[in-house]
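Novice: Heads up: the sequence shown begins at 1 in UniProt numbering, then just goes up one per residue. Positions of the beta carbon are idealized from the N, C-alpha and C atoms, including for glycine. Keep in mind the model is a prediction, meaning the values are calculated, not measured.
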Amino acid sequence: VIEEMTLINTGADDITDLILGGKADHDVTWNVPFPDWDFPFWTDDVVDYDEVTMTTMELDGDNQGSAANDFGIDDDGRDYRGVRVAQTPINLNGKNHDELVPTDVTHYWWTGDEDPQTAATRWNFATAGSRGEDKKTVNPSPMDMRYLQAYGPYDLAAGDSIKLVFAVLAGAGLENTQNAARAAKQAYDWDYNLPKPPAAPQIAADGVETQSDGTVKITWTYSDAQIAAVDPDIGSADFSGFRVYRAAAAPSTNTEALMSAEGSSVDSEGSPSTAPGPEWPAHAAGPYKVLSEGPASDFGSGGTYSYVDENVAIGLMYWYYVAAYDKGGTSATHGSVPSLESYYTMSYPLVSDPYGRIDIPTAPPAFTVSLETLTYTDLDGGESTAPFVAPNPWKREVMTTYFGADNPSVFFMRFYNVKSGQDLQIFDVTGNLVFEKKISSTGSYDWNLVSRNRTQVTTGVYFWKVGDTTGKLAVIR
Numbered sequence: 001v002i003e004e005m006t007l008i009n010t011g012a013d014d015i016t017d018l019i020l021g022g023k024a025d026h027d028v029t030w031n032v033p034f035p036d037w038d039f040p041f042w043t044d045d046v047v048d049y050d051e052v053t054m055t056t057m058e059l060d061g062d063n064q065g066s067a068a069n070d071f072g073i074d075d076d077g078r079d080y081r082g083v084r085v086a087q088t089p090i091n092l093n094g095k096n097h098d099e100l101v102p103t104d105v106t107h108y109w110w111t112g113d114e115d116p117q118t119a120a121t122r123w124n125f126a127t128a129g130s131r132g133e134d135k136k137t138v139n140p141s142p143m144d145m146r147y148l149q150a151y152g153p154y155d156l157a158a159g160d161s162i163k164l165v166f167a168v169l170a171g172a173g174l175e176n177t178q179n180a181a182r183a184a185k186q187a188y189d190w191d192y193n194l195p196k197p198p199a200a201p202q203i204a205a206d207g208v209e210t211q212s213d214g215t216v217k218i219t220w221t222y223s224d225a226q227i228a229a230v231d232p233d234i235g236s237a238d239f240s241g242f243r244v245y246r247a248a249a250a251p252s253t254n255t256e257a258l259m260s261a262e263g264s265s266v267d268s269e270g271s272p273s274t275a276p277g278p279e280w281p282a283h284a285a286g287p288y289k290v291l292s293e294g295p296a297s298d299f300g301s302g303g304t305y306s307y308v309d310e311n312v313a314i315g316l317m318y319w320y321y322v323a324a325y326d327k328g329g330t331s332a333t334h335g336s337v338p339s340l341e342s343y344y345t346m347s348y349p350l351v352s353d354p355y356g357r358i359d360i361p362t363a364p365p366a367f368t369v370s371l372e373t374l375t376y377t378d379l380d381g382g383e384s385t386a387p388f389v390a391p392n393p394w395k396r397e398v399m400t401t402y403f404g405a406d407n408p409s410v411f412f413m414r415f416y417n418v419k420s421g422q423d424l425q426i427f428d429v430t431g432n433l434v435f436e437k438k439i440s441s442t443g444s445y446d447w448n449l450v451s452r453n454r455t456q457v458t459t460g461v462y463f464w465k466v467g468d469t470t471g472k473l474a475v476i477r
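This is the structure in structure tokens:
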């Protein structure tokens, strides 16, 4: 987000030593404020400064690769993987980013018990950089940290104004954060006239479906006019084709593999949470892999296109989107422009924002490969379409490996071949009713391993009944 802030002295007196500072108290963690502002999670933030881009940033200090209790880790699938929240200067009172010197920018940090209580103390913090007394070369240990990036001081005569331009940004790792800072500055230099990718293909809400043979078909629309559209930067039509992307909940990936695919280096300095090793499941934000790419004619014609994904498994979760990409070329404004493609959040229908005021883009929805009826070979060697449950036995490692489920909120056992209106009942070995549910839709039902008393069920053997079919299931914690 680029901020352009103009300060006008509307008074009759001149102002001296004016400072503008942006103080941030980020809590870089997964569980704030839910459930209860757990102390260990918001007391491990790391503040860092990048001299190359003059960027102040904050990141999570958790070391997810360690078995030690380093600042209260209790769920190794929930770290932010080194995401840095940051602020960087772009143009300060007419002085562009490529002309700025270290004393133009103050980088400062402090802990909660050091919060400045007076205007004079705050001014002293914010002007430290102009005196060469700030903390650009001092990185603190992880703790509950605030940071400040400030500009000035400036003198402002009555009736005069100054304009300060800066950006608030985020990046996964130092290199991506530097790239985000450079991109913000380049956008300003181009007067926000950025190179333009082709329009995004549109996938309807029902555009991803399981076919009768268990494959997944992705259908999208793209008009002939969009294919023939002239790129305003290049001056000619340069649509090249489509790329079909998929993220899969399993197998898991890790930070090293992801950054290698992105062409980024692993951020090991000041960010243990991006160290190679810990694996984690994909989700709506990726990582995505290309399933197929090629010209429009490879996927259809007449405005409607499709692709069939044959490498899927019943019951597993995937995310799909389609990007349009162009040829690239030369622009008078931007010079050499590489091939660009549409973004993954633009493929699906817009959704209401959390406040219900406007419609906004959204990430691809999760899609579970499912059929109303599965035919399988039973223990007697015959074909059956009776209800059954999987995974059985249930184990956490099966959830993580095959379903990408890394915490109890998304654990499940799935009952297949159930019909709407049937009653599901689960009993323990003593005959006590553990759980019951009336099935509301035909196909499958996911039980979250929570009893009717709203507690997680324990390790053991259980009996189940759906309609006239009975069976056993096992839970191994």
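Express the C-alpha separation of S370 and E293 in angstroms, rounding to a whole number.
Specialist: About 26 Å.
Novice: Would T219 be called buried (16 or more neighbouring beta carbons within 10 Å of its own) or exposed?
Specialist: Flag for T219 reads buried.
Novice: Rounded to whole angstroms, what is the Cα-Cα separation between I314 and D353?
Specialist: Cα-Cα distance, rounded: 32 Å.
Novice: Give the straight-line distance between the Cα atoms of V334 and N311, rounded to the nearest whole angstrom.
Specialist: According to the sequence displayed, residue 334 carries His and not Val. If I take the Cα positions, the gap works out to 40 Å.
Novice: Between M317 and F367, how many whole angstroms is the CB-CB distance? I'm expecting something under 8 Å.
Specialist: Correct: roughly 7 Å between the Cβ atoms.
Novice: Per DSSP, G152 forms a beta bridge with which residues?
Specialist: Answer is none; G152 lacks a bridge partner.
Novice: Kindly give me the distance between the Cβ atoms of P387 and G467, rounded to whole angstroms, as I take these residues to be in contact under 8 Å.
Specialist: Contact holds; Cβ gap of about 7 Å.
Novice: What do you get for D213, buried or exposed, if any count of 16 or more other CB atoms within 10 angstroms of its CB means buried?
Specialist: Exposed is the call here.
Novice: Pull up the distance between the alpha-carbon of T221 and that of A229, whole angstroms please.
Specialist: Going from the Cα of T221 to the Cα of A229 covers about 15 Å.
Novice: Say whether the region 224-240 touches the region 183-200, bearing in mind that this needs 3 or more beta-carbon pairs closer than 8 Å, one atom from each stretch.
Specialist: The region 224-240 is in contact with the region 183-200.
Novice: May I have the straight-line CA-CA distance separating V165 from T88, to the nearest angstrom?
Specialist: Roughly 9 Å separates the two Cα atoms.
Novice: Entirely within the region 407-443 and at least 3 residues each: give me those beta strand (DSSP E) ranges in chain order.
Specialist: With a minimum length of 3 residues, the continuous beta strand (DSSP E) runs that stay inside the region 407-443 are 413-418, 423-427, 433-438.
Novice: Can you pull the DSSP bridge partners for G300?
Specialist: Y305.
Novice: So, is D326 buried or exposed, given that buried needs 16 or more other C-beta atoms within 10 angstroms?
Specialist: D326 should be labelled buried.
Novice: Pick helix, strand or coil for D38, following the three-state DSSP scheme.
Specialist: The predicted model places D38 with a pLDDT of 48, which falls under 50 and marks its position as unreliable; any figure quoted below should be read in that light. It is coil, neither helix nor strand.
Novice: Which one of Y343, T377, I19, K185 has the shortest CA to CA distance from P361?
Specialist: Nearest C-alpha to P361: Y343.
Novice: From S441 to E209, what distance separates their C-alpha atoms?
Specialist: Rounded to whole angstroms, S441 to E209 spans 17 Å at the Cα level.
Novice: Give me the Cα-Cα distance between F403 and L424, rounded to the nearest whole angstrom.
Specialist: For F403 and L424, the distance between alpha carbons rounds to 23 Å.
Novice: Between the region 94-112 and the region 133-142, do three or more beta carbon pairs fall short of 8 Å?
Specialist: Touching, yes, given that three or more Cβ pairs across the two stretches are closer than 8 Å.
Novice: Measuring alpha carbon to alpha carbon, tell me which residue in P287, E175, G22, T375 is nearest R122.
Specialist: Residue G22 is the option with its Cα nearest to R122.
Novice: Going along the chain, which residues of its own chain have a beta-carbon closer than 8 Å to the beta-carbon of I227, five neighbours each way excluded?
Specialist: Only A237, F239, A296 meet the Cβ criterion.
Novice: Over the uninterrupted beta strand (DSSP E) stretch that includes W110, give me the two end residues.
Specialist: Run containing W110: 105-111, per the beta strand (DSSP E) assignment.
Novice: For E51, count neighbouring Cβ atoms within 10 angstroms of its own Cβ and tell me buried if that reaches 16, exposed if not.
Specialist: Classification for E51: exposed.
Novice: If distances are taken between C-alpha atoms only, which option among W464, D17, G328, A474 comes closest to A126?
Specialist: When each option's Cα is compared against that of A126, the closest is D17.
Novice: Within 10 Å of its beta-carbon, does T330 have 16 or more other beta-carbons around it, so buried, or fewer, so exposed?
Specialist: With fewer than 16 Cβ atoms within 10 Å of its Cβ, T330 is classed as exposed.
Novice: When the Cα atoms are used, what is the spatial distance from Y49 to M57?
Specialist: Y49 and M57: Cα-Cα distance of roughly 6 Å.
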